[in-house]
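Just so you know, the sequence shown maps onto residues -20 to -1, 1 to 431 in mature numbering (1 follows the signal peptide of the UniProt record, and there is no 0).
We put the CB at the ideal spot given by N, CA and C, even for glycine.
For reference, the structure discussed in these notes is given below.
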Amino acid sequence: MKKLIALLLFIVTLSVRTEAQPEQNKVIDGVIAVVADEIILRSDLENRMTQYRQGGNPVNENTKCTVMEDLMYNKLLLDQAKIDSIQVQESQVNSELSRRIDYFVQQIGSVEKLEEFYGKSIAKIKDEFYDLIKDQMTIQQMQQQLSSDVQVTPKDVREFYNSIDPDSLPYINAQVEVSHIVIDPVINEEEKESTKQKLRELRQRVMDGEDFGTLAYLYSEDQGSAEKNGELGFMKRGMLVPEFAAAAFSLDPGEVSGIVETKFGFHLIKVIEKKGQQVNARHILLKPKVSGSDLTRAKAKLDSIRKVIIETDSISFADMAEEVSTDEKSSKNGGKIINESSGSARFEMNQMSEVDPNLFFVLDKMEPGEISKPVVYNKQDGSKAYRLVRLDTVYEPHRANLKDDYQRIQSVTKAQKQKELIDEWIQGKIKSTYIKINEQYRECSFEHSWL
């Protein structure tokens, strides 16, 4: 759990939960720097320092100055983004929020566990961090615009690699690349109809005068909102799956929907209030149950798929994944599983044991190129499926070298050139920007000439 807390703090830049702090430990907030028309608060700095400590990063007497400079740099980028009219669309922010939440759910085990850990519903977590993620994405776009023209040649990569002391080259742990073909069980129509009938009965009870919130508390299978009588809190359209959003925004306050089907199951929705482009609603979610026979059919389908790939040699694993896999993310990449934390296809084996223990034990017995028999896949949303796993490549532990790690070294080379370009931009931007720094931080040895 300690490692998870550090991960959450590092990736999402979560705010410190000051409400849990004793009164005597609270620091009076105030402006400690101004960059153009952007301000930096003492709490911004203290929160970032807490993230550093929780993330296991070394902290010394100059760390606070380093963090302060990073905050000022971000404000420079936000100011330039305004000048250049760089805007991040709401749909992009919501997509990124969902991606990060999905990753956290995978790490902690379920949506319910994440909501319990953070003390808020997923909807409220997304709403709380919307502006933060939007700023982060704006900063990233501005950085990309500044450094988009940077290119590196094979010669640049070789020269950078050769400039590193061999004894200083990093030691790379054992890594793997993995692909899979997922088949979700098809829930039989009888079970779907049974679930919808239960919702019809609940809706009739509401129409007869029973309280929607009480029924949500008693029957909804969305545990996070059920505890709040089904209330989701105010949410923008893009924060909801399309079918749910279409229904919720079409209802008047107090009105109850018919049955709404989404990827999560079947819903009844009752709108509490609308405010501008946001809606606050209650819902009752019922999920049709996957039967043992549904899972057996999914497994049998994968047995047949495996046989076709191995015995007929008429189609590759990657092509088959694109055709039949029900995992949308990986099917577009020929079944290749992407490491969410790095954006690459490589996983360290010790990391894999934490991300997906079941997959780790499957891979531990496989040879490169081998395709597993169908194995149970415990998905992020708590549902079960079956999958075939292919161990694509194994990279043994080694010192970083151009043959095995060219892409990694190329990325570092490019990052170094981008840093040099951005450093030059920072110096010029500082000269033309109003900057005021609190006296307390004027003794810092900043990398750039902020004073």
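- Message: If you reduce the DSSP assignment to three classes, tell me which class Glu169 lands in.
- Response: The sequence position of residue 169 within the sequence shown is 189, counting from 1. The answer is helix: DSSP assigns Glu169 an H, G or I state.
- Message: What residue range does the alpha helix (DSSP H) around Thr242 cover?
- Response: Translated into positions along the sequence shown, residue 242 becomes position 262. Premise fails: Thr242 lies in the beta strand (DSSP E), Val240 to Thr242, not in any alpha helix (DSSP H).
- Message: If I follow the unbroken alpha helix (DSSP H) through Leu126, where does it start and stop?
- Response: Here residue 126 corresponds to residue number 146 of the sequence shown, with the count starting at 1. Per DSSP, Leu126 belongs to the alpha helix (DSSP H) from Ile102 to Ser127.
- Message: Helix, strand or coil for Glu350? Go by DSSP, reduced to three states.
- Response: If you number the sequence shown from 1, residue 350 lands on position 370. Reduced to three states, the DSSP call for Glu350 is coil.
- Along the chain, where does the beta strand (DSSP E) that runs through Ser296 open and close? The residue you call residue 296 lines up with position 316 of the sequence shown. Looking at the DSSP string, Ser296 is not in any beta strand (DSSP E), and its letter there is neither H nor E.
- Query: Any idea which residues DSSP pairs Val156 with across the strands?
  - Reply: Taking the first residue of the sequence shown as position 1, residue 156 is located at position 176. For Val156, which the question treats as bridged, DSSP gives the partners Phe327 and Val374.
- By how many angstroms is the C-alpha of Val156 removed from the C-alpha of Glu320? On the sequence shown, position 340 is the one that residue 320 refers to. On the sequence shown, position 176 is the one that residue 156 refers to. Taking the straight line from one Cα to the other gives about 14 Å.
- Distance between Ile290 and Lys100 (C-alpha atoms, nearest Å): Taking the sequence shown and counting its residues from 1, one reaches residue 100 at position 120. Taking the sequence shown and counting its residues from 1, one reaches residue 290 at position 310. One C-alpha to the other measures close to 48 Å.
- From what residue to what residue does the alpha helix (DSSP H) around Lys409 run? Taking the first residue of the sequence shown as position 1, residue 409 is located at position 429. From DSSP, the alpha helix (DSSP H) with Lys409 extends over Leu382 to Lys411.
- Task: Output yes or no for whether 7 Å exceeds the beta carbon distance between Val68 and Lys135.
- Result: Mapped onto the sequence shown, residue 68 falls at position 88. Mapped onto the sequence shown, residue 135 falls at position 155. Result no, Cβ atoms of Val68 and Lys135 do not sit closer than 7 Å.
- Is the Cβ-Cβ distance between Tyr151 and Arg379 less than 7 Å? Within the sequence shown, the letter at position 171 stands for residue 151. Within the sequence shown, the letter at position 399 stands for residue 379. Result yes, Cβ atoms of Tyr151 and Arg379 sit closer than 7 Å.
- Exposure of Ile105, with buried meaning 16 or more beta-carbon neighbours within 10 Å: Here residue 105 refers to the residue found at position 125 when the sequence shown is read from its first residue. That one is buried.
- For Ala226, the first and last residue of its enclosing alpha helix (DSSP H): Walking along the sequence shown from the start, residue 226 turns up at place 246. Start and end: Pro222 to Ser230.
- Query: Name the DSSP beta bridge partners of Val304, please?
  - Reply: Taking the sequence shown and counting its residues from 1, one reaches residue 304 at position 324. Looking at the DSSP assignment, Val304 forms no beta bridge with any residue, so it has no partner.
- Alpha carbon to alpha carbon, how far is Gln123 from Phe109? Here residue 123 is taken as the residue at index 143 of the sequence shown, counted from 1. Here residue 109 is taken as the residue at index 129 of the sequence shown, counted from 1. In a straight line, the C-alpha of Gln123 is about 21 Å away from that of Phe109.
- From Asp164, Lys178 and Leu368, pick the residue whose C-alpha is nearest to that of Glu201; which is it? As a first step, residue 201 must be located in the sequence shown, where it is residue number 221. When each option's Cα is compared against that of Glu201, the closest is Lys178.
- Item | Distance between Asn209 and residue 456 (C-alpha atoms, nearest Å) | Since the displayed the chain opens at -20 and closes at 431, residue 456 lies outside it and no answer follows.
- Assess, as a yes-or-no matter, whether the segment 223 to 234 is touched by the segment 179 to 193 under the definition of 3 or more beta carbon pairs within less than 8 Å. no
- Do you know whose CA, among Asp283, Asp384, Lys243 and Ile389, lies nearest Val356's CA? The sequence position of residue 356 within the sequence shown is 376, counting from 1. Checking every option, the nearest Cα to that of Val356 belongs to Asp283.
- Helix or strand or just coil, what does DSSP make of Ile318? Numbered from its first residue, the sequence shown carries residue 318 at position 338. Coil at Ile318, not helix or strand.
- Message: Any contact between the segment 340 to 349 and the segment 309 to 316? By contact I mean 3 or more CB pairs, one from each, below 8 Å.
- Response: no
- Item | In DSSP terms, what His247 is bridged to | If you number the sequence shown from 1, residue 247 lands on position 267. Looking at the DSSP assignment, His247 forms a beta bridge with Val240 and Leu265.
- Task: Could you check which residue in Ile351, Gly218, Lys176 and Val259 has the C-alpha nearest to that of Pro268?
- Result: Indexing the sequence shown from 1 puts residue 268 at position 288. Looking at the Cα atoms, Lys176 is the closest of the given residues.
- For Gln407, which residues of its own chain have a beta-carbon under 8 Å away from its beta-carbon, when the five flanking residues on both sides are left out? Reading the sequence shown from its first residue, position 427 is the one you call residue 407. Contacts found: His428 and Ser429.
- Message: Just verifying my parser: in three-state terms, what is the DSSP assignment at Tyr83?
- Response: The residue labelled residue 83 in the question sits at position 103 within the sequence shown. Tyr83: helix per DSSP, three-state reduction.
- Item | C-beta contact flag for Tyr141 and Leu382 at 7 Å | Start at 1 with the first residue of the sequence shown, and residue 141 comes out as number 161. Start at 1 with the first residue of the sequence shown, and residue 382 comes out as number 402. Against a cut-off of 7 Å, the Cβ pair of Leu382 and Tyr141 comes out as a contact.
- Task: With hydrogens ignored, establish whether the beta-carbon of Glu328 is closer than 6 Å to any heavy atom of the ligand GDP.
- Result: In the structure on display, the ligand GDP does not appear, and there are no ligands present to speak of.
- Query: Would you call the CB atoms of Leu275 and Gly245 closer than 7 Å?
  - Reply: Translated into positions along the sequence shown, residue 275 becomes position 295. Translated into positions along the sequence shown, residue 245 becomes position 265. Not closer than 7 Å, so no.
- What does DSSP give as the partner residues of Arg379 in its beta bridges? Here residue 379 is taken as the residue at index 399 of the sequence shown, counted from 1. Paired residues: Tyr151.
- Query: By DSSP, does Ile163 sit in helix, in strand, or in coil?
  - Reply: The residue given as residue 163 occupies position 183 in the sequence shown. Correct three-state label for Ile163: strand.
- Where does Ala395 land, buried or exposed, given buried means 16+ other C-beta within 10 angstroms? The residue given as residue 395 occupies position 415 in the sequence shown. Exposed, by the Cβ-count rule.
- Task: On the DSSP bridge assignment, give the partners of Ala13 in chain order.
- Result: By one-based count along the sequence shown, residue 13 stands at place 33. Answer is Ile20 and Ile417, bridged to Ala13.
- Comparing alpha-carbon positions, which option in Ile415, Leu58 and Ser425 lies nearest Val11? Indexing the sequence shown from 1 puts residue 11 at position 31. With distances taken between Cα atoms, Val11 lies closest to Ile415.
- Spatially closest choice to Gly362 from Gln125, Asp164, Phe340 and Leu77, by CA coordinates: Here the question's residue 362 lines up with position 382 in the sequence shown. Of Gln125, Asp164, Phe340 and Leu77, the residue nearest in Cα terms is Asp164.
- Using DSSP bridges, identify the partner residues of Met52. Residue mapping note: residue 52 aligns to position 72 of the sequence shown, counting from 1. According to DSSP, Met52 bridges with nothing at all.
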